[in-house]
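Data first, discussion second: the structure below is written as structure tokens.
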Amino acid sequence: MDQHSPRPHLSRRPVKGLSGRLSVPGDKSISHRALMFGALAVGQTRISGLLEGEDVLRTAAAMRALGAEISRDGADWLVCGRGIGGLVEPADVLDMGNSGTAARLLAGILATHPFYAVMTGDASLRKRPMGRVVDPLSASGAQFFARAGNRLPLTILGARDPLPLFYRLPVASAQVKSAVLLAGLNAPGYTEVEEPEPTRDHSENMLRHFGAEVTVTQAGAGRHIRLKGQPELRAADVDVPGDPSSAAFPVAAALLVPGSEVTIANVGLNPLRTGLFQTLREMGARLDVPNQRTEGGEKLGDMTVTYSELRAVDVPPERAPSMIDEYPILAVLCATARGTSRLRGLSELRVKESDRLAATAALLRVNGVEVEVDGDDLIIHGTGTIPGGGLVETHMDHRLAMSALVLGQAASEPVRIDDASFIDTSFPGFLKLMRGLGAEMAAS
1 MDQHSPRPHL SRRPVKGLSG RLSVPGDKSI SHRALMFGAL AVGQTRISGL
51 LEGEDVLRTA AAMRALGAEI SRDGADWLVC GRGIGGLVEP ADVLDMGNSG
101 TAARLLAGIL ATHPFYAVMT GDASLRKRPM GRVVDPLSAS GAQFFARAGN
151 RLPLTILGAR DPLPLFYRLP VASAQVKSAV LLAGLNAPGY TEVEEPEPTR
201 DHSENMLRHF GAEVTVTQAG AGRHIRLKGQ PELRAADVDV PGDPSSAAFP
251 VAAALLVPGS EVTIANVGLN PLRTGLFQTL REMGARLDVP NQRTEGGEKL
301 GDMTVTYSEL RAVDVPPERA PSMIDEYPIL AVLCATARGT SRLRGLSELR
351 VKESDRLAAT AALLRVNGVE VEVDGDDLII HGTGTIPGGG LVETHMDHRL
401 AMSALVLGQA ASEPVRIDDA SFIDTSFPGF LKLMRGLGAE MAAS
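UniProt numbering applies: residue 1 is where the sequence shown begins, and numbers increase by one.
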């Protein structure tokens, strides 16, 4: 698929239930971090199950440009790291494509390396604010120069004598927390982060896996993370579990199409990432995970999903950090549930690949669903049936595109999207996988 040319697609209700066993691509958050920590470690790290989507490949290219050796070995990836403080100045601009995670985490690494670097991204990423990482990272001694609103392209002059950081996050954000911790790796003393509520902890888990000293304690409703700086990270193999954010789409499709039963192997079940699955069970979804296990510090299991008649739900705002990427597909499921659902505290959706709050509401409205935005809450009036027939503007947002295509599996009339070319940024092979289950998705 040519990711640079628009590929309109439509999705229609299949004639029978979806069925099959599948694996979704590796967890994107863990894949980014595995490449970065491997590049900062001494020795060779082998990564199995790496997500080979465009976003993660941008991270691989950036770490190569900073001096790490990264190569394929069959289905695995090998990273020969340079050690803490051993990265080199890149010879060219670092293009992070569409990945806000990669850009923000890399800003943390660059802040405490004493050289000059410039980051940019695609049209979507250049609209996203970077101030949330620029502000805390500046206290390390790094200098940042950016367009108005702290938007990419971003020039970074890393600190020659970096200072450890103490930062209290005003809003829960795993990206900001991780950027501060990554900066702290190359600073003396202890770097500390306080978050108002727990966010995904892949960085903490992986730091320990590579040999760093990290402690986590409760701090009110949130957590206090303390990292000892300038450790010698040791190469450590990483087995990347299936991304729960990607699993959300076949899970949702199976719940929507009568007669469906689908099993998804090796899904990541980190408790700080499973807010969607908790919410779906509250809605009456049949999700069975009999063989949960732990590998490399991360929980995972095989999930069997069976078609279910769903009821409306009221999702509390404190659950948002554990499911922030899953709200568009949850909104689709709420549209098919009977009753009024309210998804609360979604301000973070306004600064994703698109304004996902407004765009999710528009996705539903154009397909005949009654929906309201009340402050930072999304209110969805479900009736059990979806008229469909709409053309969804995706705003170059892969999750909106996939959510719309899943909606079409339950709609009376086909649902069209304006472009499917960028879905591969996070879910390579999505269309082929869904068709293999029996879904009706095709170029229009």
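All C-beta atoms in this analysis are idealised placements derived from N, C-alpha and C, irrespective of residue type, glycine included. Only a predicted model underlies this, so the values are computations on that prediction, with no experimental measurement involved.
Within 10 Å of its beta-carbon, does residue i have 16 or more other beta-carbons around it, so buried, or fewer, so exposed?
i, result
"Gln409", "buried"
"Gln175", "buried"
"Arg160", "exposed"
"Arg293", "exposed"
"Ser444", "exposed"
"Asp2", "Because the pLDDT at Asp2 is just 41, under 50, the model does not fix this residue reliably, and the point stays unresolved."
"Pro316", "exposed"
"Asp314", "exposed"
"Ala248", "buried"
"Ser347", "exposed"
Among the residues of its own chain, which have a CB less than 6 angstroms from the CB of residue i, if the five just before and after it don't count?
i, result
"Asp135", "none"
"Ser31", "Leu50, Leu51, Val56, Val240"
"Gly85", "Asn186"
"residue 486", "Residue numbering for the chain in the displayed model covers 1 to 444; residue 486 lies beyond these limits and cannot be assessed."
"Thr304", "Thr263, Asp288"
"Pro114", "Gly158, Arg160"
Let me make sure I understand the geometry here. Which of the options has the alpha-carbon closest to that of residue i?
i, options, result
"Arg435", "Ser245, Leu400, Gly100, Val262", "Val262"
"Gly43", "Leu357, Ala61, Asp237, Thr336", "Asp237"
"Gly382", "Val351, Leu346, Ala312", "Ala312"
"Glu326", "Arg344, Pro244, Met283, Pro90", "Pro244"
"Asn270", "His202, Ala252, Ala331", "His202"
"Val257", "Leu94, Leu22, Ala411", "Ala411"
"Val93", "Val267, Gly108, Val305, Tyr116", "Tyr116"
"Leu66", "Ala39, Met303, Ala248, Gly388", "Ala39"
"residue 447", "Gly211, Val214, Thr59, Pro198", "As displayed, the chain neither begins before 1 nor continues past 444, which places residue 447 out of reach and without an answer."
"Pro290", "Ile264, Leu276, Leu346, Leu310", "Ile264"
"Lys28", "Ala252, Gly242, Gly384", "Gly242"
"Ile324", "Gly339, Leu137, Leu357, Val305", "Leu357"
"Thr320", "Arg338, Pro14, Gln278", "Position check: residue 320 holds Ala in this sequence, whereas Thr was assumed. Nearest of Arg338, Pro14, Gln278 to Ala320, Cα basis: Gln278."
"Met96", "Pro153, Glu69, Leu346", "Pro153"
"Ala41", "Met396, Pro8, Leu78, Arg234", "Arg234"
Do residue i and residue j have their C-beta atoms closer together than 7 angstroms?
i, j, result
"Ser308", "Arg286", "yes"
"Ile380", "Ala401", "no"
"Arg168", "Tyr190", "no"
"Leu343", "Leu378", "yes"
"Ala404", "Leu363", "yes"
"Ser426", "Gly83", "no"
"Ala102", "Thr155", "no"
"Thr394", "Asp424", "no"
"Ala254", "Ser260", "yes"
"Gly368", "Pro387", "yes"
"Ala139", "Leu165", "yes"
"Ser322", "Val24", "no"
"residue 447", "Gly438", "Past the edges of the chain, shown from 1 to 444, lies residue 447, and the structure says nothing about it."
"Val267", "Pro129", "no"
"Met63", "Leu35", "yes"
"Arg200", "Leu272", "yes"
"Asp122", "Asn98", "yes"
Going along the chain, which residues of its own chain have a beta-carbon closer than 7 angstroms to the beta-carbon of residue i, five neighbours each way excluded?
i, result
"Arg12", "Gly408, Pro414, Glu440"
"Glu372", "Ile379"
"Glu195", "Leu169, Ala172, Lys177, Gly222, Arg223"
"Val132", "A small fix is needed here, since residue 132 is Arg in this sequence, not Val. Same-chain partners within the cutoff: Ser173, Val176."
"Ala111", "Leu137, Ser140, Ala142, Ile156, Gly158, Ala159, Ala183"
"Arg33", "His202, Ser203, Met206"
Using C-beta distances below 8 angstroms, list every residue in its chain close to residue i, excluding the 5 sequence neighbours before and after it, in chain order.
i, result
"His4", "With a pLDDT of 45 at His4, under the threshold of 50, the predicted position of this residue should be treated as unreliable, though the coordinate-derived value follows. Only Ser421 meet the Cβ criterion."
"Glu213", "Leu227, Lys228, Pro231"
"Arg151", "Arg126, Lys127, Arg128, Pro129, Met130"
"Thr120", "Val93, Leu94, Asp95, Met96, Arg126, Leu152, Pro153, Leu154"
Margin query: For the pair the region 142-151 and the region 207-218, tell me if three or more CB-CB distances fall below 8 angstroms.
Written below: Under the 8 angstroms Cβ criterion, the region 142-151 does not count as touching the region 207-218, having fewer than three qualifying pairs.
Margin query: Check whether the region 43-62 and the region 230-244 are in contact - that is, three or more C-beta pairs closer than 8 angstroms.
Written below: Three or more Cβ pairs closer than 8 angstroms define a contact, and the region 43-62 meets that threshold against the region 230-244.
Notebook entry, point to check: Counting Cβ pairs, one atom from each stretch, are 3 or more of them under 8 angstroms apart for the region 212-227 and the region 291-301?
Noted result: The region 212-227 vs the region 291-301: no contact.
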